[in-house]
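J.:
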Amino acid sequence: MGGIILDIVLLFFLVVCALAAVRMRDLLSATVVLGAYSLIMAVIWTVLNAVDVAFTEASVGAGITSVLLLATLSRTRRGEAGFEDAPRRRVVTGFRPGNLVLLLVAVFTFATLVYGSTDLPDFGDPEAPIHTHVAPRYIESAYKETGVINLVTAVLASYRGYDTLGEATVIFTAGLAVIVLLRRTRE
Amino acid sequence: MIELILGKYNYWICIALMMVGFYAMIAKENLIKKVIGMNIFQTAVFLFYVSGAKVNGGTAPILMEGAALYDNPLPHTLMLTGIVVGVSTTAVALALIIRIYKAFGTIEEDEILKMRENDG
Numbered sequence: 000m001g002g003i004i005l006d007i008v009l010l011f012f013l014v015v016c017a018l019a020a021v022r023m024r025d026l027l028s029a030t031v032v033l034g035a036y037s038l039i040m041a042v043i044w045t046v047l048n049a050v051d052v053a054f055t056e057a058s059v060g061a062g063i064t065s066v067l068l069l070a071t072l073s074r075t076r077r078g079e080a081g082f083e084d085a086p087r088r089r090v091v092t093g094f095r096p097g098n099l100v101l102l103l104v105a106v107f108t109f110a111t112l113v114y115g116s117t118d119l120p121d122f123g124d125p126e127a128p129i130h131t132h133v134a135p136r137y138i139e140s141a142y143k144e145t146g147v148i149n150l151v152t153a154v155l156a157s158y159r160g161y162d163t164l165g166e167a168t169v170i171f172t173a174g175l176a177v178i179v180l181l182r183r184t185r186e
Numbered sequence: 000m001i002e003l004i005l006g007k008y009n010y011w012i013c014i015a016l017m018m019v020g021f022y023a024m025i026a027k028e029n030l031i032k033k034v035i036g037m038n039i040f041q042t043a044v045f046l047f048y049v050s051g052a053k054v055n056g057g058t059a060p061i062l063m064e065g066a067a068l069y070d071n072p073l074p075h076t077l078m079l080t081g082i083v084v085g086v087s088t089t090a091v092a093l094a095l096i097i098r099i100y101k102a103f104g105t106i107e108e109d110e111i112l113k114m115r116e117n118d119g
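Just so you know, the sequences run in chain order A and B. Per numbering that gives the first Met the number 0, the very first residue in the first sequence carries number 0; after that it's consecutive. Per numbering that gives the first Met the number 0, the very first residue in the second sequence carries number 0; after that it's consecutive.
#1: Hey, I178 of chain A and S87 of chain B are a contact pair by Cβ (cut 8 Å); roughly how many whole angstroms apart?
#2: Is DSSP giving G174 of chain A helix, strand or coil here?
#3: Which chain A residues are close to R98 of chain B, counting only those with a beta carbon under 7 Å from its beta carbon?
#4: Can you confirm whether the region 12-24 of chain B touches the region 52-61 of chain B when touching is taken to mean that 3 or more C-beta pairs between the two stretches lie within less than 8 Å?
#5: Helix, strand or coil: which one does DSSP assign to C169 of chain A?
#6: With a CB to CB cut of under 6 Å and the five nearest residues on each side skipped, what residues in its chain are close to M40 of chain A?
#7: I want to verify the contact list: residues of chain B whose CB lies under 7 Å from the CB of I170 of chain A, in sequence order.
#8: On the three-state DSSP scale, how would you describe G56 of chain B?
#9: Between the Cα of L38 of chain A and those of A:G60, A:V133, A:M23 and A:V21, spot the shortest distance and give me the residue it belongs to.
#10: According to the neighbour-count rule (16 or more other Cβ atoms, all chains shown, within 10 Å of its Cβ), is T117 of chain A buried or exposed?
#11: So what's N117 of chain B in DSSP terms, helix, strand or just coil?
#12: Is it buried or exposed for Y161 of chain A, if we count other Cβ within 10 angstroms and need 16 for buried?
#13: Excluding the five sequence neighbours on either side, which residues of its own chain have a C-beta within less than 8 Å of the C-beta of D70 of chain B, listed in chain order?
#14: Going by C-alpha distance, which of A:I138, A:L180 and A:I4 is nearest K93 of chain B?
#15: In this structure, how does DSSP classify I61 of chain B when only helix, strand and coil are distinguished?
#16: Run through chain B and tell me which residues come within less than 9 Å of P125 of chain A, C-beta to C-beta.
#17: Is the separation between the beta-carbon of L26 of chain A and that of I31 of chain B shorter than 8 Å?
#18: If the cut is a Cβ gap below 8 Å, which residues of chain B does T163 of chain A touch?
#19: Tell me, to the nearest whole angstrom, how far the beta carbon of P72 of chain B is from that of Y137 of chain A; I am working on the premise that it is less than 8 Å.
#20: Which whole-angstrom value is the C-beta distance of E79 of chain A and N29 of chain B, which I expect to be below 8 Å?
#21: Would you kindly check if the distance between the Cβ of A20 of chain A and the Cβ of V8 of chain A is under 8 Å?
#22: Which residues of chain E have a Cβ atom closer than 9 Å to the Cβ of E139 of chain A, listed in chain order?
#23: I believe V46 of chain A touches D6 of chain A by the beta-carbon criterion, under 8 Å. Please report the beta-carbon distance rounded to the nearest angstrom.
#24: Note down the Cα distance separating A167 of chain A from R74 of chain A, rounded to an integer number of angstroms.
#25: Exposed or buried, what is Y158 of chain A when buried is set at 16 or more other beta-carbons lying within 10 Å of its beta-carbon?
#26: Buried or exposed for K7 of chain B, please, with buried defined as at least 16 other CB atoms from any protein chain shown within 10 angstroms of its CB.
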């Protein structure tokens, strides 16, 4: 029972952080709140036993994403439209009536997905299809075949090594794209 | 009813977070806010996958003596890749925003569209 309460409290903070990050006028505050969101997410993943994902999120998600956002803010501007004129007037953006349709689109999508989720297997159900197909084979024979006791490492580096190669290709391409975009051009 | 809520609340929170990110992406004029929304959407999808990997009574997928059940390692692996790819797309998006700011002097979508209309 304690686990469920911890889970619900963390998820509640997660939603609060997400809403705050989206609504704040000050982009610097939004960046900091997004970092807090990523750290809470890392704690949730530790609670869900996904330790590898948790420390990747804490370092890459909370760390590098925040640094990239801060670098962008320093080269562009700190707030949403009208923030510089009156930085202390309000913390969040006012709701524009024109956005009501978009809000309804989001609410409708939410309702549809929640309706769809009633067909999903229950949270933590050991009989769910996801747990009966490939995973048992990894768990049974990963140590024999790869000699690694961390199954996530075994799958990442051995069984799905090509995925990781593709991931490296994506990072390389993204790095190239950033360099090409930000290179100083002679004008 | 209680069973339904206890069995699915994790997914519902994922969906709620996804919709917060989705709304930011379609409704906000500020380009950096759109990137923040995209980040929230991405992590919500990761949370969905990692929730799916959980088995009641399972331990972390690291082999040890006396463990009867392990959580599913496959979604964890896929989400590791996903996090890194997400940061790559964020980096490219932010570089594009810096270029847009250099070209137009603003990062508000409506102002940029107005300027482009006036130009052409």
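Cβ atoms here follow ideal geometry from the backbone N, Cα and C, with glycine treated the same way.
T.: The structure says:
#1: That pair is no contact at about 13 Å.
#2: Three-state DSSP puts G174 of chain A in a helix.
#3: L180
#4: Segments in contact, no.
#5: For the record, residue 169 of chain A in the displayed sequence is Val; it is not Cys. Residue state, collapsed to three classes: helix.
#6: E56
#7: V83 and S87
#8: Correct three-state label for G56 of chain B: coil.
#9: A:G60
#10: It is exposed - the Cβ of T117 of chain A has fewer than 16 other Cβ atoms within 10 Å.
#11: Taken through DSSP and simplified to helix, strand or coil, N117 of chain B comes out as helix.
#12: exposed
#13: A52, K53, V54, G57, T58, A59 and P60
#14: One point to set straight first is that residue 93 of chain B is Leu, not Lys, in the sequence displayed. Ranking the options by Cα distance to L93 of chain B, first place goes to A:L180.
#15: strand
#16: V54, N55, G56, G57 and L68
#17: The criterion of a C-beta distance shorter than 8 Å is satisfied by L26 of chain A and I31 of chain B.
#18: T80
#19: 6 Å
#20: 5 Å
#21: no
#22: No chain E appears in this structure, whose protein chains are A and B.
#23: 6 Å
#24: 28 Å
#25: By the neighbour-count rule (16 or more Cβ atoms within 10 Å), Y158 of chain A is buried.
#26: buried
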